[in-house]
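See below for the structure under consideration.
Structure follows, in structure tokens:
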């Protein structure tokens, strides 16, 4: 059994480095040399898991992720525990994690109150969450898109004053569970507002994973006209198995920041039993196979994934982990 | 919940971009432009669930279930369904009922039912059972060839030449497969030139189509592009297919890459049937449902009805008492 695992890991390492610098497109469509992974497992992942894990487990997960070479790990969310009980231990987690130099630990802050609590807990980067769909905004955060943007402007003012960088999210960029199709122009409008108000990066989320490469490229074409592509990230859900194909198209269009979740943590709240976030291991496997650098050590990342899945008593959603640790 | 489900269906139907006609790489195939890329307007799906899928399932499925599976698949709009394999039942017991299956299925007029034939003996049995199309299985890896079919690549090619000659006489079309096109469980990464050599041989000996298989699913868009760039120098794109395994979750990204490079035939298995014999408990074949979802979302036609395919997947998974590997089926099924 041990030899089979060693054998599988050997092949994994060999295949990761098998193809360096392969570009099958002309120079105008080059893939990035480096991609930044934004690890959202501890927040977006755990927030959407049925089982609530204790603070010390979250802290251990984040510490293990810190050691895997990731440069951004979304640690927790300063949303009211009334709405998101899984993140009720936000203070404890923020204060308990080991802050590795060179690693950023952004936290979600829905409004000024959340922002103030985050700063008090030691946060040095925050994120705000807009939507490209009116209905989704109303149902998810109980206000219109415009109202949410006004709340965020308050956060931006305070963040600027405190010298805290802010990342913006746009959800439902390729489809909404209530409205259905979302117009790329709407996504571009919201992304532009967040960028203009001072967000250094805008993460475009396919919240229910319905997007396909066609929709992704159409949406990115619209958004990149109003926000520089270097400030864009994609946050793809794998509910319909489309995530890696969508990410590939995004890379081909110049995007070089990808959000993902270790072990594919976090199901889809709109499709019970279906998968949600794309697994970081699978994304890293693809990127390394393309000769794209991430700085991430895949075996260490898989260890973190194995740890949290064991704690949650669930199977990993990462195919790479399944194939490599299949006997565990 | 009903509102959510309707919205999701609505979303999927409308996820069709505006495209214009492109010239593509091959004047015989129509292409369309999506963003910076050109894609075929039509992709042929080769359904391998009843053969490659069931062959790699733990449970041996009774003949009547296989026949029912194939009959249901025949009603989904598929034009090619790989029905069974005339390999010795000593090696592949799951396919021991090959003759009963081939004779039991309802042969739909718009569908072809190729069968695997490793050698002359298998070919003759297939013919006697009523086969009208066959497939031969080569490998880009010497070690895999020896371990899998007990002979070298050269020896296997000689066997296939016999089959091809007999098939020509009978006017039976033959499809060629090249396994380990992106990596071998024994040798590791495979040089694209080796894949090209084998693919070229199969094509030149008379195979109308060559399916390039990522047998252990280790390939990524980089290795897929490098391999296809090499193969397409010797074999025209229109005669190529990709057979991607999803063991490392890379299948759809690899298929997308192949489409960008002009390939327009994709092998897949309903419900992602068939695990990986080299990684126990892992997935194997890419799910037809997930492939269809991607293609249709891109405005690429296949002629296949996704809802009917999901229903067939439900049927076979129920019969096998296992969960589907298709993410689309999981997402759709979970709202019912």
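Chains as they are written, first to last, in our numbering: chain A, 288 to 615; chain B, 6 to 341.
Each residue gets a CB set at the ideal place from its N, CA and C atoms; glycine is no exception.
Bear in mind that the values here come from a model prediction, so they are computed numbers and not experimental data.
Give me the Cβ distance between residue 273(B) and residue 259(B), rounded to the nearest whole Å; I'm assuming they're in contact under 8 Å. That belief does not hold up - the Cβ atoms of residue 273(B) and residue 259(B) are roughly 12 Å apart, past 8 Å.
Where does the unbroken beta strand (DSSP E) through residue 523(A) begin, and where does it stop? 519-523
Would you identify the three-state DSSP class for residue 45(B), choosing helix, strand or coil? strand
Neighbourhood of residue 351(A) by C-beta distance below 7 Å, restricted to the same chain and skipping five residues each side: 590, 591, 594
Under the assumption that residue 107(B) contacts residue 134(B) (Cβ atoms under 8 Å), give the Cβ distance between them as a whole number of angstroms. 4 Å
Which residue or residues does DSSP assign as beta-bridge partners of residue 439(A)? Residue 439(A) pairs with nothing; no bridge assigned.
Can you list, in chain order, the residues of its chain whose CB lies under 7 Å from that of residue 529(A), leaving out five sequence neighbours each side? 496, 498, 499
So what's residue 268(A) in DSSP terms, helix, strand or just coil? With chain A covering 288 to 615 only, the question about residue 268(A) has no answer from this structure.
For the candidate residues 67(B), 82(B), 297(B), whose alpha-carbon lies nearest to that of residue 89(B)? 67(B)
What are the residues that DSSP puts in a beta bridge with residue 140(B)? 121(B), 180(B)
Quick check on residue 501(A): buried or exposed, where buried means 16 or more other Cβ atoms within 10 Å of its Cβ? buried
Contacting residues, own chain, Cβ-Cβ under 8 Å from residue 480(A) (five flanking each side not counted): 417, 436
I need the straight-line Cα distance from residue 460(A) to residue 305(B), nearest angstrom please. 22 Å
For the putative contact between residue 470(A) and residue 489(A), defined by C-beta atoms under 8 Å, what is the C-beta separation to the nearest angstrom? Actually they do not touch by this definition, with Cβ atoms about 17 Å apart.
Taking Cβ positions, are residue 200(B) and residue 150(B) nearer each other than 8 Å? no
Assumed close pair residue 562(A), residue 604(A) - CB separation to whole angstroms, cut-off 8 Å: 5 Å
At a cut of 8 Å, does the segment 198-213 of chain B reach the segment 172-185 of chain B through at least three beta carbon pairs? yes
Which residues in chain A have a C-beta closer than 8 Å to the C-beta of residue 333(B)? List them in chain order. 527, 528
Taking DSSP's pairing of strands, which residues face residue 456(A) in a bridge? 416(A), 490(A)
Would the segment 531-544 of chain A count as touching the segment 331-351 of chain A if we require 3 or more Cβ pairs under 8 Å? no
Could you work out which residue in 408(A), 558(A), 423(A) is closest to residue 336(B) when comparing CA atoms only? 558(A)
Sorted by chain position, which residues of the same chain lie with C-beta nearer than 8 Å to residue 326(B)'s C-beta, five sequence neighbours on each side aside? 64
What residues of chain B sit near residue 377(A), judged by a beta carbon separation below 7 Å? Within 7 Å Cβ-Cβ: nothing; residue 377(A) doesn't reach chain B, min ~29 Å.
Can you tell me which of the three DSSP states residue 243(B) falls into? helix
In angstroms, rounded to a whole number, what distance separates the CA positions of residue 329(B) and residue 485(A)? 45 Å
Contact under 8 Å by Cβ, residue 547(A) with residue 494(A): no
Which class does residue 30(B) belong to by DSSP, given the choice of helix, strand or coil? Reliability fails at residue 30(B), whose pLDDT of 45 lies under 50, so the model's placement of it is uncertain and no value is given.
Which word fits residue 323(B), buried or exposed, when buried means at least 16 other C-beta atoms lie within 10 angstroms of its C-beta? exposed
Cβ closer than 8 Å: which chain B residues qualify as neighbours of residue 328(A)? Residues of chain B passing the Cβ test: none, with the nearest at roughly 16 Å.
Contacting positions in the segment 209-231 of chain B - beta carbon closer than 7 Å to chain A: 223, 225, 226, 227, 228, 230, 231
Test: residue 504(A) CB closer than 8 Å to a CB of chain B: yes
Using 8 Å for Cβ pairs, my map puts residue 665(A) next to residue 405(A). What's the rounded Cβ distance? With chain A running from 288 to 615 in the structure shown, residue 665(A) is simply not present.
Touch check for the segment 378-388 of chain A and the segment 572-587 of chain A: three-plus C-beta pairs under 8 Å? no
Helix, strand or coil at residue 598(A) according to DSSP, with G and I counted as helix: helix
Would you kindly check if the distance between the Cβ of residue 454(A) and the Cβ of residue 487(A) is under 8 Å? yes
Answer with yes or no whether the minimum CB distance from residue 254(B) to chain A is below 8 Å. yes
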